[in-house]
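Novice:
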Amino acid sequence: MRKVTKHISKPVALAFAAALTIPYAAPVAAETAPTSDERVVEEVFVIGKRRAYQGNFDSLEKPSADQTIAEDLLREAGAINLNDALDLSASVARQNNFGGLWNAFSVRGFAGDINLPSGFLVNGFNAGRGFAGPRDLAGIESVEVLKGPRSALFGRGEPGGTVNLVTKRPQFERTGNLRATYGRWDQMRFEGDVQTTAGTNDELGLRMVGFYEDAESFRDTVETERLGLYPSITWDVSDATSVTYELEFTEQEIPFDRGVAYSEDFGFTPRETFVGEPGDGPIETEVLGHQLEAQHNFSDNWSLLAGLGYRDTSFEGNASETNFGGRQTYFLDGRTLSRFFRYRNFESDYLVARMEVAGEFNTGSLRHRLLVGGDYDRFELDWFILRYRPGWFPGTTDINTLDPAEYLFLDVFNPRYGQSPQPVPGPNTHRKEDLEGRGVYIQDQIDITDRVQVRLGLRWDDFEQDLTNLRAVPARTTSSSDTRVSPQFGVVYSVNEGVSLYASYGEGFRQQAGSDYQGRQFAPNITESAEIGLKFDAARFSETVSGALTFSLFQVDQSNILVNDDRPEAVAVGWFSRDAGKARSRGFEVDADLAFETGFNLWLSYAYIDAVFTTSNLEADWGVLIEDGDPLINSPEHQVSLQVSQSFEVGGMPAQVGAGLQYTDERLGFTAFDFYLPSYNTARLFGLIQPTERVAVRFDLDNAFDEEYYTNSYADVWVEPGAPRRYRLTASYSF
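One rule links them: number in my numbering = place in the sequence shown (from 1) + 11.
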């Protein structure tokens, strides 16, 4: 099926550029190289604004090892998209990214559904569902990695932890910053961030953030085009009440790229060879999202926070993809790759509402910090897939006897695209998924003594799920409903003003799509997590250092993992899954975020994670045996992320240099198969100088030593290669 490709709207892009060049009367300092006292690592809250749906607690008071990757650190690391940001946390590992079309990650070794993008939060709202393409960081203030299950507050979530994106909102300033970047492979990127105020008493804060990017790739013929706009407005109705509205609009055109293939006899295909067809055109994704949030402070101790979010996403396009197993000719000669073809059209709508009351009170000598709230969400997803796939052939087949047009052959060392006509695909999948849930929760953190705090949390969820097979005649719907109670418990012991010990336990769950051979909905995926940790606040020990150091030990147990149903009664009906698998992850983490008065900054994240299956079952997709003790896919045992920077002056001009290092251990690349991705080290360097108050110039060098590496995989024929050495030059102007 040939699809007419539309390019990102040029009028929209021009409007974006115009919106970001609105002049403002009050100039401010440019994006500068931070001075020695600028980067102070601590939790800071805007006066009068309460932390959305998490409560306001000092880091030492939290019974968890959370990480906040702030905007200045994202900038120092040269992070552009969510994957770049999450690479800074050693507790997070990349997972199958669906041909480069979504963000997928595991936290503490556990990921969600391998066939869906990972769920994440935006300002405390579930927003990762749907098919919006990879998330850009242009509109993001910080990225939070909330480790361990958080169902006691947020409801249904990913098993190993939650990622929350904090967006850029109006700060009631008149300021702006424009950036232009040129990089290797003709990368051209433009970003803008403009703020102002309006109203009689400047009670309206306005902010427009956006980006446009057009870039080629180290992958032959691959070119991407992306546009994002993120306007927001905050109305301070009174000293006690504020309302904020945010819009998210993103269009992306990205070729579907399954990466490289691997053969035990012939190794990897060349990392520069695109194994799809340029004539298929790009995948087009679009997202339109809205968030409305209101806060009212009843007093200094009590407040109300309410929000509403809606997100619509679409995903459409053609893709030629690498065949598996008995359909793959690369295993025969190490040169000729066979492919199949799919057309996809996905649409999703997501509505979520949330309300929470927070307050402080005393009962006798006990101080309580209370959160009480409720939420509602509805998610609708429509899948439509057409597929053409050639037949199986014996492993002893002479490749010359196979029809090149039938198997869509491609010579990986001398690719000649468009040699075979685009095949006509047939029906493959057409289904609709409707999820609806509602929940109420309570969390109370109690000061038992001056040194001991206890956190108690409980959440009740009620959810319903309808799965409709629209290919069936007539259409067939499977409905289910369930309720879950998710407890949370934690204790914090303050050793002194700068040191605390904590222990916590929590449970989480995630709904699973599909049904068993009897048509019964799968039980939710259940997670139980326990951890202990030690925290240090550096500022309490030194006047020249600020920041935090955290050590944590954890174990997470997961049950109801989907596996192949090999029971005779199920096999007699067909190929089905059942919710019988179990896994366990345990490990040790060290996280440091330190800023020194000398202008030196240090970020260090290390994780040892042992994530394995704890039952023997057949794998759900391939039916091969998973044995007790087998590792989970894409989960390295050891991972390290290091970022350092130093601020100084050159001839009176502020400057900064820095370096980063990431080490990722070898990890399983194909569940239940003996295929491992090799370990790798990558290094990055950057330098920044500010020749004038308003102008800054920056140079980035990624993968400085040109390491050949692979970041994740789904199977041995779908492996994501890392980019070779890459440079970027960025100029910025502030006003």
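Glycine included, every Cβ here is placed at the ideal spot set by N, Cα and C.
1. Taking the Cβ atom as the reference point for each residue, do A541 and Q566 lie within a distance shorter than 8 angstroms?
2. Given a cut-off of 8 angstroms on the beta-carbon distance, is the pair V156 and D77 in contact?
3. So R282 is in the alpha helix (DSSP H); what residue range does that whole segment cover?
4. Between I754 and V623, what straight-line distance do the alpha-carbon atoms span, to the nearest angstrom?
5. Looking at R146 and N114, is the spacing between their C-beta atoms short of 8 angstroms?
6. In this structure, does DSSP put P665 in helix, strand or coil?
7. Decide yes or no for the touch test of the stretch 570 to 590 against the stretch 515 to 534: beta carbon pairs closer than 8 angstroms, at least 3 of them.
8. In angstroms, rounded to a whole number, what distance separates the CA positions of R380 and V655?
9. May I ask you to list the residues that DSSP assigns as paired with E295?
10. Return the chain-ordered list of same chain residues with a C-beta closer than 7 angstroms to the C-beta of E214, the five sequence neighbours on each side being excluded.
11. Please confirm whether G592 and N628 have their CB atoms less than 8 angstroms apart.
12. Got a sec? Which residues, its chain only, sit under 6 angstroms from I637 by beta carbon, not counting five neighbours each side?
13. Tell me, to the nearest whole angstrom, how far the beta carbon of G610 is from that of S658; I am working on the premise that it is less than 8 angstroms.
14. So, are the CB atoms of N134 and T178 less than 8 angstroms apart?
15. Are E508 and S563 closer than 8 angstroms when you measure CB to CB?
16. Nearest by alpha-carbon distance to V465: which of E72, S117, L545, E227 is it?
17. Would DSSP call L84 helix, strand or coil?
18. Just to confirm my understanding: we take P535, look at its own chain, exclude 5 residues before and 5 after, and list those with CB closer than 7 angstroms. What are they?
19. Cβ of G468 within 8 angstroms of Cβ of I457?
20. Leaving out the 5 sequence neighbours to the left and right, which residues in its chain are closer than 7 angstroms to F547 when beta-carbon positions are compared?
21. Return the Cβ separation of L696 and A715 in integer angstroms, given the expectation that the two are a contact with Cβ distance under 8 angstroms.
22. Touch check for the stretch 302 to 315 and the stretch 327 to 345: three-plus C-beta pairs under 8 angstroms?
23. Can you tell me the Cβ-Cβ gap for S743 and L85, rounded? I've got them flagged as a contact below 8 angstroms.
24. Would a C-beta distance cut-off of 8 angstroms place P438 and R487 closer than the cut-off?
25. Is it buried or exposed, T407, if we count other Cβ atoms within 10 angstroms and call 16 or more buried?
26. Excluding the 5 residues preceding and the 5 following E539 in the sequence, name in chain order all residues of the same chain whose CB lies nearer than 6 angstroms to its CB.
27. Secondary structure at E236, three-state DSSP: helix, strand or coil?
28. Between G450 and D360, how many whole angstroms is the CB-CB distance? I'm expecting something under 8 angstroms.
29. Do you know how far the Cα of R398 is from the Cα of L653?
30. Below 8 angstroms on the Cβ atoms is my guess for G216 versus A149; work out the distance and round it to an integer in Å.
31. Between R597 and I543, what straight-line distance do the alpha-carbon atoms span, to the nearest angstrom?
32. Please report the residue range of the alpha helix (DSSP H) in which Y418 lies.
33. DSSP three-state call for A670: helix, strand or coil?
34. How many angstroms separate the CA atom of V651 from the CA atom of G429?
35. What is the DSSP secondary structure of F10, reduced to helix, strand or coil?
36. What's the gap between the Cα of V271 and the Cα of R322?
Specialist: In terms of the structure at hand:
1. It is a contact, given that the beta carbons lie within the stated cut-off.
2. yes
3. Neither: R282 is in no alpha helix (DSSP H) and is coded neither H nor E.
4. One cannot answer for residue 754 here, as it falls past the ends of the chain, which runs 12 to 746.
5. yes
6. strand
7. Yes, the stretch 570 to 590 touches the stretch 515 to 534.
8. 37 angstroms
9. E264, E327
10. When the five nearest sequence neighbours on each side are left out, the beta carbons in the same chain lying within less than 7 angstroms of the beta carbon of E214 are those of W246, D247, in order along the chain.
11. yes
12. Closer than 6 angstroms at the Cβ level, and outside the excluded window around I637, lie F624, N628, E630, A683.
13. 4 angstroms
14. yes
15. In this structure, S563 does not lie closer than 8 angstroms to E508 by Cβ.
16. E72
17. helix
18. D493, R495, F520, R521, Q522, Q523, N571.
19. no
20. Once the five neighbours on either side are set aside, the close Cβ partners of F547 are G509, V510, A559, L560.
21. 5 angstroms
22. no
23. No, S743 and L85 are not in contact; Cβ-Cβ is about 15 angstroms, not under 8 angstroms.
24. no
25. exposed
26. Counting only Cβ-Cβ distances below 6 angstroms, and skipping sequence neighbours, we find E518, D568.
27. strand
28. Rounded, the Cβ-Cβ distance is 20 angstroms, inconsistent with contact.
29. Cα-Cα distance, rounded: 44 angstroms.
30. Actually they do not touch by this definition, with Cβ atoms about 19 angstroms apart.
31. 12 angstroms
32. 415 to 418
33. strand
34. Rounded to the nearest angstrom, the two C-alpha atoms are 43 angstroms apart.
35. Residue 10 cannot be examined here, being either before or after the span of the chain that is shown, 12 to 746.
36. 33 angstroms
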